[in-house]
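Quick notes on the structure that follows.
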Amino acid sequence: MDRLLELSSMAAKQTMFAQAVNTNNLANISTPGFRKDLVAFSGTNASAEQKTTIDASSGVVSTTGRNLDIAVSDQGWLAIAAPDGSEAYSRRGDLRVDAFGQLTDGAGNTVLGNGGPIAVNDFSNIEISDQGFISITPRGGDATEQQTIDQLKLVTLNAADLAKGADGLLRLRNNQVADQDPTVRVQSGALEASNVSSVEALVRMMDLARKYESQVKIMQHADQDQQALDSILKFS
């Protein structure tokens, strides 16, 4: 009975973990470029380790017409600065210029260029080429006199080499830093959507809820059977 209780308890914990991952995926259904997490367990029984991997499939790319929206092609990723100063990678392309004149993504993470954070001076127009070069027309300047101020740091990565930190950002394992890849291209005026399917996530949420309910019932029955057995042994 103790063994059954142990196994059902571990199964319930794994289901709760899977539900938490699925809930996070569902919460990011509207996050541009988001890659959903997949649940993976290693080990067996009580020693099973809960892990997640990344679904590398692409989201749908839609035209927005906004100059600071970009969709990164193929296996390319955009380098960003994490709050702790480390380099992280993202496919989120809803870029903007913050109050300090730095280029950030829609979540406020600093976008990196050739030499670090990208500073954008006062401008009347800004454009990003397919190679990630950022050009501006200074405010009050002639529209034909564009200045190239920096280039996005674009890298090629295998999703299997990325790990998600506690802050939700993706980094290379072992704190490595990727080199710029000049072959990566971006589509300006477009955004890649999250690759999370709302229908699939909602169906999975219901399936996991039913699974957890069944596991809890097994635990309750196992506990009741154990108590009954203990009572019999006590008076035998």
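If you count the sequence shown from 1, you need to add 2 to reach the numbering used here.
For glycine and all other residues, C-beta sits at the position ideal for the given N, C-alpha and C.
So which of Lys213, Glu215, Ala109 and Gln77 has the shortest CA-CA distance to Ala83? Your numbering for residue 83 matches position 81 in the sequence shown. The candidate whose alpha carbon is nearest that of Ala83 is Ala109.
Ala22 to Ser11 span [Cα, whole Å]: As a working note, residue 22 is residue 20 in the sequence shown. As a working note, residue 11 is residue 9 in the sequence shown. The alpha-carbon of Ala22 is positioned some 17 Å away from that of Ser11.
How many Å lie between Ser137 and Arg173 at the Cα? If you number the sequence shown from 1, residue 137 lands on position 135. If you number the sequence shown from 1, residue 173 lands on position 171. So the alpha carbons of these two residues sit roughly 28 Å apart.
Distance CB(Asp132)-CB(Val63) smaller than 8 Å: Reading the sequence shown from its first residue, position 130 is the one you call residue 132. Reading the sequence shown from its first residue, position 61 is the one you call residue 63. Going by C-beta atoms, Asp132 is not nearer than 8 Å to Val63.
How many Å lie between Thr139 and Arg98 at the Cα? Here residue 139 is taken as the residue at index 137 of the sequence shown, counted from 1. Here residue 98 is taken as the residue at index 96 of the sequence shown, counted from 1. Distance between Thr139 and Arg98, taken at the CA atoms: about 16 Å.
Do you know how far the Cα of Leu105 is from the Cα of Ala239? Missing from the structure shown is residue 239; the chain here goes from 3 to 238 and no further.
Using only the alpha-carbon positions, how far apart do Met3 and Met221 sit? Residue mapping note: residue 3 aligns to position 1 of the sequence shown, counting from 1. Residue mapping note: residue 221 aligns to position 219 of the sequence shown, counting from 1. With a pLDDT of only 47 at Met3, under the threshold of 50, the placement of this residue in the model should not be trusted, and no figure is reported.
From the DSSP secondary-structure annotation, give me the bridge partner or partners of Arg2. Given that the chain is displayed from residue 3 to residue 238, the structure contains no residue 2 and the question cannot be resolved.
Sequence-distant residues of its chain with Cβ nearer than 7 Å to Phe125 (five each side left out): The count along the sequence shown starts at 1 and reaches residue 125 at position 123. Hits under 7 Å: Ile138, Thr139, Pro140 and Arg141.
Is Ser92 buried or exposed, if buried means 16 or more other CB atoms sit within 10 Å of its CB? Counting from 1 along the sequence shown, the entry for residue 92 is found at position 90. Buried, because 16 or more other Cβ atoms sit within 10 Å of the Cβ of Ser92.
Can you round the beta-carbon distance between Leu156 and Val179 to whole angstroms, since I take them to be within the 8 Å contact cut? Within the sequence shown, numbered from 1, the residue matching residue 156 stands at position 154. Within the sequence shown, numbered from 1, the residue matching residue 179 stands at position 177. That belief does not hold up - the Cβ atoms of Leu156 and Val179 are roughly 14 Å apart, past 8 Å.
Take Ala195 and list the residues in its own chain whose beta-carbon comes closer than 6 Å to its own, dropping the five residues that flank it on each side. Locating residue 195 in the sequence shown gives position 193, counting from the first residue. These residues qualify, in order along the chain: Gly61 and Val62.
When the Cβ atoms of the stretch 209–217 are set against those of the stretch 30–40, are three or more pairs found closer than 8 Å? no
Locate the beta strand (DSSP E) running through Glu147, then write down its first and last residues. Locating residue 147 in the sequence shown gives position 145, counting from the first residue. Looking at the DSSP string, Glu147 is not in any beta strand (DSSP E), and its letter there is neither H nor E.
When we look at the beta-carbon of Val74 and count the other beta-carbons within 10 Å, is it buried (16 or more) or exposed? Position 72 of the sequence shown holds residue 74. Buried: at least 16 other Cβ atoms inside 10 Å.
Look at the Cβ atom of Thr66, then the Cβ atom of Gly191, and state whether they are nearer than 8 Å. As a first step, residue 66 must be located in the sequence shown, where it is residue number 64. As a first step, residue 191 must be located in the sequence shown, where it is residue number 189. Cβ atoms of Thr66 and Gly191: closer than 8 Å.
Is it buried or exposed for Gln149, if we count other Cβ within 10 angstroms and need 16 for buried? Position 147 of the sequence shown, counting from 1, holds the residue named residue 149. Exposed is the call here.
CB of Gly95 within 8 Å of CB of Gln153, strictly: Working through the sequence shown from its first residue, we reach residue 95 at position 93. Working through the sequence shown from its first residue, we reach residue 153 at position 151. No; because the gap between Cβ atoms is not below 8 Å, this pair is not in contact.
On the CB-based measure, 16 or more other CB atoms within 10 Å of its CB, does Thr146 come out buried or exposed? Here residue 146 refers to the residue found at position 144 of the sequence shown. Exposed: under 16 other Cβ atoms inside 10 Å.
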